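Let me begin by presenting the structure, written as structure tokens, before commenting on it.
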Amino acid sequence: MEKAYDHVNWYFLLYLLGRCGFWVRWYIATTKFSILVNGNPVGFLNSSRDLRQGDSLFPLLFVIVMEALSRMLTTLVNNRFVDGFSVGDPNMGNLNTSHLQFADDRLIFCEVDKNHIQALRALLLCFEAASVLKVDFDKSELVPAGNIRNIRKLANTLRCKVSALPMNYLGLPLGAALRAKSIWDTVIKKIERRLAGFRVSCEKDASVVDLMEISRDQV
Numbered sequence: 001m002e003k004a005y006d007h008v009n010w011y012f013l014l015y016l017l018g019r020c021g022f023w024v025r026w027y028i029a030t031t032k033f034s035i036l037v038n039g040n041p042v043g044f045l046n047s048s049r050d051l052r053q054g055d056s057l058f059p060l061l062f063v064i065v066m067e068a069l070s071r072m073l074t075t076l077v078n079n080r081f082v083d084g085f086s087v088g089d090p091n092m093g094n095l096n097t098s099h100l101q102f103a104d105d106r107l108i109f110c111e112v113d114k115n116h117i118q119a120l121r122a123l124l125l126c127f128e129a130a131s132v133l134k135v136d137f138d139k140s141e142l143v144p145a146g147n148i149r150n151i152r153k154l155a156n157t158l159r160c161k162v163s164a165l166p167m168n169y170l171g172l173p174l175g176a177a178l179r180a181k182s183i184w185d186t187v188i189k190k191i192e193r194r195l196a197g198f199r200v201s202c203e204k205d206a207s208v209v210d211l212m213e214i215s216r217d218q219v
């Protein structure tokens with residue numbers, strides 16, 4: 001999914017803000033910019049649909065747009081066009097899960113059914129048309145849980161690639177034997193590289209370095 005707030009359809013975003021009860025339209029639509037000529041600001045230009053660079057509202061607005069996709073997926077499941085899967089103890093009440101989202105990454109759970117795949121693709125195309133955010137099917141992957149004979153045909157229906165478990169998702173091994181130490185080698189190396197960067201910026205503070213060492217040893 002394309003992650004760019006400034007590509008979102010303006011009217012789609014305003015509609016979502018209204019449905020959420022937000023009143024930030026004035027903040028989005030009243031931004032002004034000035035042009036520097038020989039180092040001096042000359043005049044102002046009005047912006048009708050933008051924020052200041054680095055504004056903290058950028059991620060919030062993107063999350064609101066992604067919430068619209070989440071609601072659309074939930075509606076699709078509630079109308080039985082797509083089925084998720086149930087987790088938990090049947091005696092305690094199952095939790096039905098159809099999708100998981102984090103920023104521009106998402107996992108969508110679906111039955112092995114061509115009609116469900118077609119409904120899912122249609123929904124994603126509708127979201128793309130409404131929001132103007134590009135859904136990149138070429139970078140999407142269809143990951144089977146178990147042995148699925150017609151997985152290639154289903155992938156062709158969705159216009160995406162076929163992958164397999166275990167796979168990397170948000171930097172963690174998904175579908176792997178989590179108790180195997182070799183699975184975590186890549187994660188540990190990534191943490192060590194990050195700690196090395198922190199060490200450079202915090203090497204003057206001994207307490208911070210000691211805390212980093214303790215955290216690494218616990219991992």
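So the sequence shown is numbered by the UniProt record's numbering: it starts at 1 and just counts up by one. Quick reminder that beta carbons are idealized off the backbone N, C-alpha and C, glycines included. The structure displayed is predicted, hence computed values, not measured ones.
- Residue burial is scored here from C-beta neighbours: Phe85 has fewer than 16 other C-beta atoms within 10 angstroms and is therefore classed as exposed.
- Looking at the DSSP output, Lys161 shares a beta bridge with Glu141.
- Below 8 Å, enough C-beta pairs join the segment 73 to 85 and the segment 99 to 109 to call them touching: three or more.
- Non-local beta-carbon contacts of Ile183 in its own chain, meaning distances under 8 Å to residues more than five positions away in sequence, involve Pro166, Pro173, Ala176, Ala177 in chain order.
- DSSP places His116 inside the alpha helix (DSSP H), whose first and last residues are 114 to 131.
- Annotation: Pro144 to Lys114 spans about 14 Å, alpha carbon to alpha carbon.
- Between Leu123 and the set Phe81, Leu16, Asp138, the nearest pair of CA atoms involves Phe81.
- For Val87, the enclosing beta strand (DSSP E) has its first and last residue at 85 to 87.
- Leu178 sits in coil when the DSSP states are folded into three classes, being neither helix nor strand.
- The alpha-carbon of Thr186 is positioned some 42 Å away from that of Leu14.
- In terms of Cβ geometry, Glu128 and Ser163 do not form a close pair [threshold 8 Å].
- Bridge pairing for Pro41: Leu36 [DSSP].
- Boundaries of the beta strand (DSSP E) harbouring Phe102: 99 to 102, taken from the DSSP string.
- The residues Cys110, Leu154, Thr157, Leu158, in chain order, have a CB closer than 7 Å to that of Ile117 in the same chain once the five nearest residues on each side in sequence are set aside.
- A distance below 6 Å between beta-carbons, with the five flanking residues on each side excluded, links Ile151 to the following residues of its chain, in chain order: Pro144, Val162.
- For Leu95, the three-state secondary structure derived from DSSP is strand.
- In terms of Cα proximity to Lys139, the closest of Ile148, Asp105, Met66 is Asp105.
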